[in-house]
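Worksheet: the structure to be examined is printed underneath.
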Amino acid sequence: MRSRYGLRLMVELAAHGGKGPLLLKNIARAQEISEKYLSQIVIDLKAANLISATRGAHGGYMLSRPPAEITALDIITALEGDLTLVECTRNPNRCRRESLCVSQSVWERLSQAMTQTLEEIRLSDLVEQLREKTKETVMFEI
8 MRSRYGLRLM VELAAHGGKG PLLLKNIARA QEISEKYLSQ IVIDLKAANL
58 ISATRGAHGG YMLSRPPAEI TALDIITALE GDLTLVECTR NPNRCRRESL
108 CVSQSVWERL SQAMTQTLEE IRLSDLVEQL REKTKETVMF EI
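Using this note's numbering, read the sequence shown as starting at 8 and increasing by one per residue.
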C-alpha cells in the first residue's frame, strides 16, 4: 500500500513540474489519499533524498532530482526496504538446505526480473503515461 500511494505522490509532484512546491493537502486531495497517511510516506521519501520540503507560506514538497533520474525501484525501496521475496535469496548461507534447494533459483530469477523492471521505469515515463491517459479521457468526453 505504501508503495502504491508513494508512486502516486511522486507522479503528482513530477507532473507539477518546476512550478514550485506542492502542499501535502493538495496532493492528498488530487490523489484521493488521506493526508495523514501521506505524511508518513513523505518521511521515508525525504530520508531517501527523493523529495525535499520547504517551509513557509509558499512551502510544500518538491522532487529532489529530475523525474528522469528517479526510478520506480528508488521509490519502492525507499518505502518498503529490501525487495527480496524470500529470505534464502538474500542470505543463502542461512538455509541449511541451500546445497539441495532447486527452488532458490526460481526466487532469485523472479527477484532479479522484478528489480530490473523497476529500474527501467522512470518517474518521467509515468508522467508521460499520465498525460496520455489524461488526453484520452478528455478526447473521450468531448
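The beta carbon of each residue, even a glycine, is placed where N, CA and C say it ideally should be. Every value quoted in this text rests on a predicted model; they were computed, and no experiment measured them.
Taking residue i and residue j to be in contact with their CB atoms under 8 Å, please state how far apart those CB atoms are, rounded to whole angstroms.
i     : j      : result
Ala21 : Val134 : 5 Å
Leu57 : Asp81  : 6 Å
Leu45 : Leu31  : 6 Å
So, for residue i: in the same chain, excluding its five sequence neighbours on each side, which residues have a beta-carbon less than 7 Å away from its beta-carbon?
i     : result
Arg9  : Ile48, Leu86, Glu87
Gln38 : Arg15, Leu16, Glu19
Ser71 : Asn56, Leu57, Ile58, Ser59
Could you check which residue in the options has the C-alpha nearest to that of residue i?
i      : options                       : result
Thr124 : Leu90, Gln111, Cys108         : Leu90
Ser112 : Ser131, Leu92, Glu126         : Leu92
Ala79  : Thr122, Cys102, Leu137, Glu42 : Thr122
Glu126 : Ala35, Thr141, Ser110, Ile77  : Ile77
Asp132 : Arg36, Ile50, Pro73           : Pro73
Quick check: residue i and residue j, are their CB atoms within less than 7 Å of each other?
i     : j      : result
Thr96 : Glu115 : yes
Ala55 : Arg129 : no
To which residues of the same chain is residue i closer than 6 Å at the C-beta, ignoring the five residues directly before and after it?
i      : result
Ile40  : Tyr12
Met69  : Pro28, Ser59
His178 : Missing from the structure shown is residue 178; the chain here goes from 8 to 149 and no further.
Considering only residues of the same chain and omitting the five flanking positions on each side of residue i, which have a CB-CB separation below 8 Å?
i      : result
Gly67  : Gly27, Pro28, Leu29, Leu30, Leu31, Asn33, Ala60, Thr61
Cys108 : Cys95, Cys102
Enumerated in chain order, which unbroken segments of the alpha helix (DSSP H) with a length of 4 residues or greater are wholly contained in the segment 48–116?
79–87, 94–97
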